[in-house]
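So the sequence shown is numbered by the numbering used here: it starts at 11 and just counts up by one. Ideal Cβ positions, reconstructed from N, Cα and C, are used throughout, including at glycine.
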Amino acid sequence: MIDYAKPDRTVYSVSELNSTIRRLLESEFPLLWVEGEISNLAKPASGHIYFSLKDSQAQVRCAMFKGRNQLLRFKPENGQQVLIRAKPGLYEARGEYQLIAEHMEQAGDGALQRAFEALKARLRKEGLFDEKLKQDIPESISRIALITSGTGAAVKDVLSVLRRRFPAIEVSLFPVAVQGDQAVPEITRALQLANELNNCDVILLVRGGGSLEDLWAFNEEAVAYAIAASELPVISGIGHEVDFSIADFVADVRAPTPSAAAELVSPSQQTYMHKLQSYQRNLIRLMQNRLQRLNEQAHWLQSRLKTQHPSSQLMQQSQKLDNLIEDLQSSFQSIINDKQHELKFALQSLLNNRPDQFIDYQKLQLEDLIGRLVYTSESNIEKKQQQLANISRTLQAVSPLNTLSRGYSITRDGDGNTVTKAKNVKKGDLIITQLDKGKLRSRIE
11 MIDYAKPDRT VYSVSELNST IRRLLESEFP LLWVEGEISN LAKPASGHIY FSLKDSQAQV
71 RCAMFKGRNQ LLRFKPENGQ QVLIRAKPGL YEARGEYQLI AEHMEQAGDG ALQRAFEALK
131 ARLRKEGLFD EKLKQDIPES ISRIALITSG TGAAVKDVLS VLRRRFPAIE VSLFPVAVQG
191 DQAVPEITRA LQLANELNNC DVILLVRGGG SLEDLWAFNE EAVAYAIAAS ELPVISGIGH
251 EVDFSIADFV ADVRAPTPSA AAELVSPSQQ TYMHKLQSYQ RNLIRLMQNR LQRLNEQAHW
311 LQSRLKTQHP SSQLMQQSQK LDNLIEDLQS SFQSIINDKQ HELKFALQSL LNNRPDQFID
371 YQKLQLEDLI GRLVYTSESN IEKKQQQLAN ISRTLQAVSP LNTLSRGYSI TRDGDGNTVT
431 KAKNVKKGDL IITQLDKGKL RSRIE
């Protein structure tokens with residue numbers, strides 16, 4: 011005989027078992043991609059959709075909730091071959107394994123690519139790609155509006171290039187989502203805000219590489235119109251060299267990568283140093299040439315005076331000439347010293363304006379806040395799940411249906427009042443008896 015009361019046994023209720031299996035599935039499997047054919051498609055009034063995804067040998071139940079399926083660019087139908095991004099889970103009430111779909115697209119790149127080409131053709135027809143509308147990039151840039159993800163690799167690449175090439179350029183960062191539901195409104199608002207502030211010389215719109223779906227926010231017409239409406243020149247640097255987006259075609263200049271976009275707007279610091287050194291050499295050469303011509307003129311005057319033998323006048327003019335030469339040399343030396351001091355001050359200013367320490371500090375703060383948010387969210391979810399399980403067990407324990415299942419019944423009169431004593435009814439009265447399975451209607455004889 012099996013002893014179910016042994017303390018070393020862990021006994022699960024069905025609901026506890028299903029809940030445990032669901033948590034295991036959700037924690038062990040990340041979001042994954044699954045391809046198959048839609049069948050058994052259902053669209054209830056709730057706005058959710060339920061369907062099976064099948065191939066020639068198997069099928070799996072799927073659910074896609076209203077908030078997600080409203081973003082679909084096509085209408086799902088039975089028989090369609092689709093690709094979904096989903097997370098495995100368990101429907102606890104029935105113990106059914108299912109996939110919770112976050113995204114769905116028609117199988118292959120065909121659907122997104124067709125939408126891309128259609129929008130591209132329409133915007134070209136509207137003239138948004140016209141070269142005559144492109145603005146020139148300023149030759150001298152002192153401040154940049156950088157629109158990108160605040161935590162992605164693109165912002166690091168851009169700032170690294172600017173730090174290396176010309177750290178004196180100021181950067182105003184407009185952090186936005188670069189994919190997902192909020193990407194398009196945040197990007198368009200950032201473009202509008204940069205133009206409203208009007209304190210930058212150029213806008214850099216950049217994002218790291220990704221799939222066609224990942225880059226889709228930059229293929230939306232709202233972003234295209236916002237770029238076209240910008241009064242500030244826009245340089246796009248989206249994805250890798252082989253990636254082309256609608257934003258690239260509308261922008262005033264397209265760079266193949268975020269780093270290349272940063273190089274377009276930042277002159278080489280070394281080049282500026284060479285120019286300054288060249289200016290210094292030219293200035294010294296001009297001053298030396300002028301001094302030589304003045305010396306030659308002085309010697310000529312001196313020779314002319316000697317030929318006329320005006321000894322007293324010659325002595326006076328000679329003394330005056332010596333003074334002039336001394337003043338001239340002093341003046342030229344003063345100019346050289348001033349220019350060297352200005353050059354040293356400019357170099358020190360470039361070094362003092364490096365933004366890397368401030369950025370590193372902000373990044374540490376952001377990482378700390380993200381960690382605290384994740385910890386708080388997980389702790390709250392775990393507490394609520396435990397409360398729900400306790401309430402469910404309490405309701406099950408006090409339910410009157412458990413008593414009926416052991417053979418007991420509940421008797422009520424015709425008005426629905428519970429009959430607890432025989433004297434409470436009389437001959438001819440209707441009584442209703444509630445059993446575990448069904449009811450009995452009787453009359454008192």
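Distance between residue j and residue i (C-alpha atoms, nearest Å)
i      : j      : result
Met11  : Val21  : The pLDDT assigned to Met11 is 46, lower than 50, so where the model puts this residue is not dependable; a value taken from the coordinates is nonetheless given after this. Each residue's Cα considered, the two are about 17 Å apart.
Ala265 : Phe254 : 10 Å
Pro98  : Glu106 : 11 Å
Ile110 : Ser170 : 40 Å
Lys460 : Ile380 : Nothing about residue 460 can be read from this structure; the chain reaches only from 11 to 455.
Ser23  : Leu129 : 55 Å
Glu352 : Ile179 : 19 Å
His113 : Asp65  : 19 Å
Gln202 : Ile59  : 37 Å
Leu207 : Lys142 : 26 Å
Gly426 : Ser29  : 39 Å
Ile454 : Thr430 : 15 Å
Pro195 : Thr158 : 13 Å
Asp146 : Val188 : 26 Å
Arg78  : Arg175 : 44 Å
Arg71  : Phe61  : 6 Å
Ile245 : Glu377 : 29 Å
Asn209 : Leu383 : 34 Å
Ala193 : Val186 : 7 Å
Val275 : Arg173 : 12 Å
Asp423 : Asp446 : 18 Å
Local conformation of residue i per DSSP, three classes
i      : result
Ile3   : Residue 3 lies beyond the range of the chain shown here (11 to 455); nothing can be said about it.
Asp378 : helix
Arg104 : coil
Ser3   : Only positions 11 to 455 of the chain appear in the structure, and residue 3 is not among them; the question remains open.
Asp167 : helix
Pro98  : strand
Ser150 : coil
Gln67  : coil
Leu331 : helix
Leu450 : strand
Val435 : coil
Ala227 : helix
Thr430 : coil
Ala117 : coil
Leu172 : helix
Glu136 : helix
Glu306 : helix
Glu112 : strand
Asn88  : coil
Thr20  : coil
Arg83  : coil
Asn390 : helix
Phe355 : helix
Unbroken beta strand (DSSP E) run spanning residue i, endpoints
i      : result
Arg416 : Arg416 -> no beta strand (DSSP E), and no H or E assigned at all.
Pro185 : Glu180 to Pro185
Leu27  : Where Leu27 is concerned, there is no enclosing beta strand (DSSP E), although the alpha helix (DSSP H) it sits in stretches over Val24 to Glu38.
Val212 : Val212 to Arg217
Paired residues, beta bridge with residue i - DSSP
i      : result
Phe75  : Answer by DSSP bridge pairing: none, since Phe75 is not bridged.
Tyr60  : Ala52 and Ala73
Trp43  : Arg95
Ser462 : Look at the range of the chain in this structure, 11 to 455, and you will see that residue 462 is not part of it.
Asp423 : Ile441
Endpoints, alpha helix (DSSP H) assigned at residue i
i      : result
Ala193 : Ala193 to Leu207
Ser269 : Pro268 to Val275
Arg233 : Residue identity check: residue 233 is Val in the sequence provided, not Arg. Element bounds for Val233: Glu231 to Ala239.
Residue i, buried or exposed, once every other Cβ within 10 Å from all chains shown has been counted against 16
i      : result
Leu440 : exposed
Thr167 : Contrary to the premise, residue 167 reads as Asp rather than Thr in this sequence. With 16 or more Cβ atoms within 10 Å of its Cβ, Asp167 is classed as buried.
Asn229 : buried
Asp337 : exposed
Thr456 : Shown here, the chain extends from 11 to 455; a query on residue 456 therefore has no answer.
Phe39  : exposed
Glu136 : exposed
Trp226 : buried
Gly218 : buried
Phe355 : exposed
Phe368 : exposed
Leu156 : buried
Pro243 : buried
Ile391 : exposed
Gly340 : With the sequence shown as reference, residue 340 is identified as Ser, and Gly is not the correct amino acid for it. Answer is exposed; the Cβ neighbour count stays below 16.
Phe184 : buried
Pro268 : buried
Ala388 : Going by the sequence as given, residue 388 is Glu instead of Ala. Burial call: exposed.
Ala238 : buried
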